[in-house]
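See below for the structure under consideration.
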Amino acid sequence: MSGADAEAGTRAASAEARREGYFAGSGGVRLYYQAWEAAQPRAALLLLHGQGEHSGRYSALAGDLLPRGISVYAMDHRGHGRSEGRRGHARRFGEILEDVDRFRDLVAAQLSAQPPLFLLGHSFGGLVALRYLQEHPEAPLRGAILSSPLLGLAFTPPAWKTALGRVLTRLLPTLRLSNEVNAAHISRDSQVVERYREDPLVHSWLTPRMYTEILAAMRQALEQGDRLRLPLLFLVAGDDRIVAAQTTAAFARELEGEVELRVFEGFYHECLNEPEQHRVVCEIIGWIEARTP
168 MSGADAEAGT RAASAEARRE GYFAGSGGVR LYYQAWEAAQ PRAALLLLHG QGEHSGRYSA
228 LAGDLLPRGI SVYAMDHRGH GRSEGRRGHA RRFGEILEDV DRFRDLVAAQ LSAQPPLFLL
288 GHSFGGLVAL RYLQEHPEAP LRGAILSSPL LGLAFTPPAW KTALGRVLTR LLPTLRLSNE
348 VNAAHISRDS QVVERYREDP LVHSWLTPRM YTEILAAMRQ ALEQGDRLRL PLLFLVAGDD
408 RIVAAQTTAA FARELEGEVE LRVFEGFYHE CLNEPEQHRV VCEIIGWIEA RTP
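All residue numbers for the sequence shown refer to the numbering used here, where the first residue is 168 and numbers rise by one.
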């Protein structure tokens, strides 16, 4: 699939099939979502974005999937994008999992044809997806795709910030601190990096409470791999400088059941925004189509 094809698909998705709305998340927080819907869907994909970004950054992927009959539904996490909530904050990780469960219910109610439902999570969204599957093994999903899931960091945060975070999570849990992510490491495409830096809906904030909740969620995800029962596709960036690719690959290889691992050598963190993103999109399409009528 060429870049021109992807751009054309994105324009079609935006102009003809996109709609947006809000729903009530855990605690009544108003959460934003977008939907790119195929006329005759063979599958539907719930998409969970990464920390600091938003659902709008996945319009190109939606444009690629729509022609194959795959509808895409993407929410903005609380404290992100157009959703309510303090930027980069949640009182507990469970709130985010409850948001996802409500979003899944919303999408399922809107799908008149009831096509198979899949889950895709990128980075922080990948961690959310794994923890959701572990806590909701009964969820009616056909499978899940994990793109560079956050199971460990590829860099070491300053020791003082880690120590301070443990103190501040008790004293000032909502204080906004930088997440220490270098935007230049998200993609080898300089235009992607520039758009990321200029995007008013992108932020780099992370509160002490959210930081400690993420650490606990990473530990739980790694410890509870035996609770994952659905078919899984792991997409790993070989030169990821944000999350620990080796940790993800090792975790995937240890899992039992229907698990596939794809490592894209030389890729930076955002596999779907790399110059060779068509390779990743083709993997996603092929994997979904193999599991749908």
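Think of the CB as a built atom: it goes at the ideal place given N, C-alpha and C, for glycine as much as any other residue.
For a cut-off of 8 Å, the C-beta gap from Pro375 to Leu339 is around 7 Å, short enough to register as a contact. With fewer than 16 other beta carbons inside 10 angstroms of its own, Glu390 counts as exposed.
Just so you know, the alpha carbons of Glu432 and Gly195 end up roughly 42 Å apart. DSSP places Phe401 in the uninterrupted beta strand (DSSP E) bounded by 399-404. Fewer than three pairs of CB atoms, one per stretch, sit closer than 8 Å, so the region 340-356 makes no contact with the region 381-395. Between the region 201-215 and the region 224-244, the count of C-beta pairs closer than 8 Å reaches three or more; the two stretches touch.
As the crow flies, the alpha-carbon of Gly424 is around 11 Å from that of Arg394. In the DSSP annotation of this structure, the continuous segment of the alpha helix (DSSP H) that includes Arg386 starts and ends at 375-390. With fewer than 16 neighbouring CB atoms inside 10 Å of its own CB, Cys449 falls in the exposed class. Listed in chain order, the non-local C-beta contacts of Glu262 below 6 Å within the same chain comprise Ser193, local neighbours out to five positions each way being set aside.
Of the candidates Leu198, Val403, Ile455, Ala411, the residue whose Cα lies closest to the Cα of Leu313 is Val403. Residue environment analysis places Glu441 among the buried positions, since at least 16 neighbouring C-beta atoms fall within 10 angstroms of its C-beta. Distances from the alpha-carbon of Asp268 to those of Gly332, Tyr299, Gln201, Gly293 put Tyr299 closest.
The beta carbon of Gly392 lies closer than 7 Å to those of Phe418, Glu421, Leu422 in the same chain, with the five residues before and after it left out.
Per DSSP, the continuous beta strand (DSSP E) segment holding Ile237 begins and ends at 237-242.
Inter-residue distance for Leu284 and Trp327 is about 43 Å (C-alpha atoms, whole angstroms).
Its chain contains Tyr199, Tyr200, Gln201, Ala202 as the residues whose beta carbon lies nearer than 8 Å to that of Glu187, once the 5 sequence neighbours on both sides are disregarded; these appear in chain order. Just so you know, the alpha carbons of Gly332 and Ser371 end up roughly 16 Å apart. Boundaries of the beta strand (DSSP E) harbouring Arg429: 426-431, taken from the DSSP string. A direct Cα-Cα distance of roughly 20 Å separates Leu278 from Asp231. Looking at the DSSP output, Val410 shares a beta bridge with Leu320.
When the Cα atoms are used, Ala280 and Arg309 turn out to be separated by approximately 15 Å. DSSP places Ser345 in the strand class (E or B) of the three-state scheme.
Per DSSP, the beta-bridge partners of Ala202 are Arg186, Tyr240.
Judged by their CB atoms, Ser315 and His436 are nearer to each other than the 7 Å cut-off. It is roughly 14 Å from the alpha-carbon of Thr379 to the alpha-carbon of Leu318. For Leu214, the enclosing beta strand (DSSP E) stretches over residues 210-215. Rounded to the nearest angstrom, the gap between the Cα atoms of Glu361 and Arg224 is 13 Å.
The residues Val196, Arg245, Gly246, in chain order, have a CB closer than 7 Å to that of Gly252 in the same chain once the five nearest residues on each side in sequence are set aside. Beta-carbon to beta-carbon, Leu287 and Leu233 are separated by about 15 Å, too far to satisfy the 8 Å threshold. When DSSP states are grouped into helix, strand and coil, Ala191 belongs to the strand group.
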